[in-house]
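Trainee: Let me give you the structure first, and then I'll get to my questions.
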Amino acid sequence: MRFLNKLLCAVLAAALCFCAIGCDGTVSTAGSTNGLKLHMLDVGQGDSLLLECDGSYMLVDAGEADKGNRVVEYLKGQNVRRLSYAVITHPHSDHFGGMKKVLQSIPTDSIVMTEAYNTTRAWESLIDYIDKEDFNVVFPKTNDVFNVGSCKVNIYSPNIDNDNKNNCSLVLRAIYDNMAVLLTGDAEKSEEKEILESGFNVQADVLKLGHHGSSTSTSSEFLEKVSPSLALISCGKNNDYGHPHKETLSKLKNSDIPVMRTDLDKAVTVSLCNNKITVLASEREQVIPKRGGADTSLSSEVSSAGSSQHRYIGNKSSRVFHLGSCKSVNKMSDKNKVYFDSRKQASESGYSPCGYCKP
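According to my numbering, the sequence shown is numbered sequentially starting from 1.
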């Protein structure tokens, strides 16, 4: 079969609260907004998120199988008549289980998914259905970009040679204007480390925490690099896993990052437009001060804080790379630096070796 060969809400009502805070810290009342909207659906102990921009939609995961109808009802309640993309971050049922129902109910242009596989009956049933219906399937590579209206979604595709399927999660960074959202699937600390070392840009105004707020995700270093104004956690009320874990909540509190959670707030929608963050929640109101503009570049780079992890440092202006000990490095501004793990990586990126330090 073609696929196997290739591979091998209505919840939000009129009484919702709106609050928006811009860079100047002033509060404004939200009316209808354009820009980028991120919907975090309430699917209990699972994940389902919807990116909306200019009338185009990307669904990221769909919760467990018994939440499929809820996801479909929510989409229809938001007047979603067609999905540009349905994304399956990794092969765990609390992320892919409801996707079959979505695909049966909402016309979908493309399915974006990891090449990681699972031998569970539920996963194989979904794969068989996708193959049978001959969907267009895309297996993204790191830094592939997908357009959702005028929003650009940059994807990190991890090493799938990993027994822990959480660390096979696709990570999505949605960029609109000078604002960004980061969705991390169930990525745990080892994948977070892999992402940072790759130079993938993770800075974002809004972070959907990995693995439902588990202590196995959201390392201090990763959180510092993202530097979000708002954290989102999708988890079930009184779940058996203790999500979100106290350690994770403490990190967020110590960093003064407000949190919205589906177990407390039900469905949450965040709008990013005109340099403002607008929050809609069915249970409570949250004031979100914005922490300055995110770096919305699509290029792979890391900040100077990560330089000790990289042996070679390139000059963006001259397109020359150096050893970290080269005296020329000290003369570069941080914004003009790009980091490489190997000489080969630097050369393949179009950089020439320095004639002085001979890297």
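For each residue, glycine too, the CB sits at the ideal point set by N, CA and C.
Assign Y356 to one of two classes, buried (16 or more other C-beta atoms within 10 Å of its C-beta) or exposed (fewer than that).
Mentor: Locating residue 356 in the sequence shown gives position 356, counting from the first residue. So Y356 counts as exposed.
Trainee: Can you name, in chain order, every residue of its own chain whose Cβ lies under 8 Å from the Cβ of V145, other than the five neighbours on each side?
Mentor: The count along the sequence shown starts at 1 and reaches residue 145 at position 145. Excluding residues within five positions, the ones whose Cβ falls inside 8 Å are K152, V153, N154, I155, L298.
Trainee: Taking the alpha-carbon of H95 as reference, which of T120, A65, I127 has the nearest alpha-carbon?
Mentor: The residue labelled residue 95 in the question sits at position 95 within the sequence shown. When each option's Cα is compared against that of H95, the closest is A65.
Trainee: Helix or strand or just coil, what does DSSP make of T262?
Mentor: As a working mapping, residue 262 is identified with position 262 in the sequence shown. Helix.
Trainee: Express the C-alpha separation of T120 and T184 in angstroms, rounding to a whole number.
Mentor: The count along the sequence shown starts at 1 and reaches residue 184 at position 184. The count along the sequence shown starts at 1 and reaches residue 120 at position 120. Straight-line Cα distance between these residues: approximately 23 Å.
Trainee: If we count Cβ pairs, one from each stretch, closer than 8 Å, do we get three or more for the stretch 345-359 versus the stretch 321-333?
Mentor: The stretch 345-359, when compared against the stretch 321-333, does touch it at the 8 Å Cβ threshold.
Trainee: Helix, strand or coil for N254? Go by DSSP, reduced to three states.
Mentor: Along the sequence shown, read from residue 1 onward, the residue named residue 254 stands at position 254. Reduced to three states, the DSSP call for N254 is helix.
Trainee: To the nearest angstrom, how far is it from the Cα of H212 to the Cα of R261?
Mentor: Within the sequence shown, residue 212 is the residue found at index 212, counting from 1. Within the sequence shown, residue 261 is the residue found at index 261, counting from 1. Cα to Cα, H212 sits roughly 9 Å from R261.
Trainee: Taking the alpha helix (DSSP H) that L103 belongs to, which residues open and close that run?
Mentor: In the sequence shown, residue 103 corresponds to position 103, counting from 1. That run of the alpha helix (DSSP H) goes 99-105.
Trainee: Report the residue from L75, R82, V148 whose alpha carbon sits nearest the alpha carbon of D109.
Mentor: Within the sequence shown, the letter at position 109 stands for residue 109. That would be R82, whose Cα lies nearest to the Cα of D109.
Trainee: What residue range is occupied by the uninterrupted alpha helix (DSSP H) comprising L75?
Mentor: Taking the sequence shown and counting its residues from 1, the one referred to as residue 75 is at position 75. First-last of the alpha helix (DSSP H) with L75: 68-77.
Trainee: How would you label E247, buried or exposed, when you count the other beta carbons within 10 angstroms and need 16 or more for buried?
Mentor: Here residue 247 is taken as the residue at index 247 of the sequence shown, counted from 1. Classification of E247: exposed, given that the 10 Å Cβ count is below 16.
Trainee: Kindly provide the ranges of any alpha helix (DSSP H) runs that are 4 or more residues long and lie completely inside the stretch 320-359, ordered along the chain.
Mentor: Listed in chain order, the complete alpha helix (DSSP H) runs (minimum 4 residues) inside the stretch 320-359 are 343-348.
Trainee: Out of R343, S150, E197, state which residue places its alpha-carbon closest to the alpha-carbon of N178.
Mentor: The count along the sequence shown starts at 1 and reaches residue 178 at position 178. With distances taken between Cα atoms, N178 lies closest to S150.
Trainee: Per DSSP, which residues does S110 bridge with? Please list them.
Mentor: Residue numbering aside, residue 110 sits at position 110 when the sequence shown is read from its first letter. Beta-bridge pairing links S110 to Y85.
Trainee: Can the beta-carbon of N166 be found closer than 8 Å to that of D186?
Mentor: Residue numbering aside, residue 166 sits at position 166 when the sequence shown is read from its first letter. Residue numbering aside, residue 186 sits at position 186 when the sequence shown is read from its first letter. Yes.
Trainee: Grouping DSSP H, G and I as helix and E and B as strand, with all else coil, what is K141?
Mentor: For the purposes of this step, residue 141 is identified with residue 141 of the sequence shown, where counting begins at 1. Coil, per DSSP.
Trainee: Which value, in whole angstroms, describes the spacing of the CA atoms of V279 and E348?
Mentor: Reading the sequence shown from its first residue, position 279 is the one you call residue 279. Reading the sequence shown from its first residue, position 348 is the one you call residue 348. Spanning the two alpha carbons is a distance of roughly 43 Å.
Trainee: Exposed or buried, which one is S32 when buried takes at least 16 other CB atoms within 10 Å?
Mentor: Residue 32 sits at position 32 when you count from the first residue of the sequence shown. Confidence in S32 is poor, its pLDDT being 39 and thus under 50, which makes the residue's placement unreliable; the coordinate value appears in the next sentence. By the 10 Å Cβ count, S32 comes out exposed.
Trainee: Quick check: the Cα distance between L41 and G314, rounded to an integer number of angstroms?
Mentor: For the purposes of this step, residue 41 is taken as residue 41 along the sequence shown, with counting starting at 1. For the purposes of this step, residue 314 is taken as residue 314 along the sequence shown, with counting starting at 1. Looking at the two C-alpha atoms, the distance is approximately 42 Å.
Trainee: What does the alpha-carbon distance come out to for the pair L75 and K141?
Mentor: For the purposes of this step, residue 75 is identified with residue 75 of the sequence shown, where counting begins at 1. For the purposes of this step, residue 141 is identified with residue 141 of the sequence shown, where counting begins at 1. Spanning the two alpha carbons is a distance of roughly 28 Å.
Trainee: Going by DSSP in three states, H243 sits in which element: helix, strand or coil?
Mentor: Position 243 of the sequence shown, counted from the first residue, corresponds to residue 243. The answer is coil: DSSP assigns H243 none of H, G, I, E or B.
Trainee: As an exercise, report each continuous beta strand (DSSP E) stretch of at least 3 residues that is fully enclosed by the stretch 185-217, in chain order.
Mentor: The stretch 185-217 contains these whole beta strand (DSSP E) runs: 206-208.
Trainee: Evaluate contact between the stretch 87-101 and the stretch 55-69, counting only Cβ atoms and requiring at least three cross-stretch pairs below 8 Å.
Mentor: Result yes; three or more Cβ-Cβ pairs closer than 8 Å.
Trainee: Which residues in the same chain have their Cβ closer than 6 Å to the Cβ of K189, if we skip the five residues on either side of it in sequence?
Mentor: As a working note, residue 189 is residue 189 in the sequence shown. The residues are S219.
Trainee: Could you check if D334 is buried or exposed, using at least 16 other CB atoms within 10 Å of its CB as the buried criterion?
Mentor: Locating residue 334 in the sequence shown gives position 334, where the first residue counts as 1. Under this definition D334 is an exposed residue.
Trainee: Just the Cα atoms here: how many angstroms apart are Y241 and H92?
Mentor: For the purposes of this step, residue 241 is identified with residue 241 of the sequence shown, where counting begins at 1. For the purposes of this step, residue 92 is identified with residue 92 of the sequence shown, where counting begins at 1. So the two alpha carbons sit approximately 15 Å from each other.
Trainee: Out of curiosity, what's the CA-to-CA distance linking G25 and K290?
Mentor: Locating residue 25 in the sequence shown gives position 25, where the first residue counts as 1. Locating residue 290 in the sequence shown gives position 290, where the first residue counts as 1. Since pLDDT at G25 reaches only 30, below the 50 mark, its modelled position is unreliable, and the value read off the structure follows with that caveat. Cα to Cα, the separation comes out at about 8 Å.
Trainee: Determine the closest residue to Q104 out of E73, T114, K37, N118, with distance taken between C-alpha atoms.
Mentor: Taking the sequence shown and counting its residues from 1, one reaches residue 104 at position 104. Among E73, T114, K37, N118, the Cα nearest to that of Q104 is on E73.
Trainee: Leaving out the 5 sequence neighbours to the left and right, which residues in its chain are closer than 7 Å to C326 when beta-carbon positions are compared?
Mentor: Taking the sequence shown and counting its residues from 1, the one referred to as residue 326 is at position 326. For C326, where only same-chain residues beyond five positions count, the Cβ hits under 7 Å are C354, Y356, C357.
Trainee: On a CA-only basis, which of Y176, T114, V43 is nearest S169? Give me that one, please.
Mentor: As a working mapping, residue 169 is identified with position 169 in the sequence shown. Taking only the C-alpha atoms, the option nearest S169 is T114.
Trainee: Quick one: using the 10 Å Cβ neighbour count with 16 as the cut-off for buried, is K132 buried or exposed?
Mentor: Counting from one through the sequence shown, the residue named residue 132 turns up at place 132. So K132 ends up on the exposed side.
Trainee: Should L51 and V112 be called a contact, given that it needs their Cβ atoms to be closer than 8 Å?
Mentor: Sequence index remark: in the sequence shown, residue 51 carries index 51 (1-based). Sequence index remark: in the sequence shown, residue 112 carries index 112 (1-based). Their beta carbons are not under 8 Å apart, which means L51 does not touch V112 by this criterion.
Trainee: Tell me the residue span of the alpha helix (DSSP H) that contains A122.
Mentor: Here residue 122 corresponds to residue number 122 of the sequence shown, with the count starting at 1. Element bounds for A122: 121-132.
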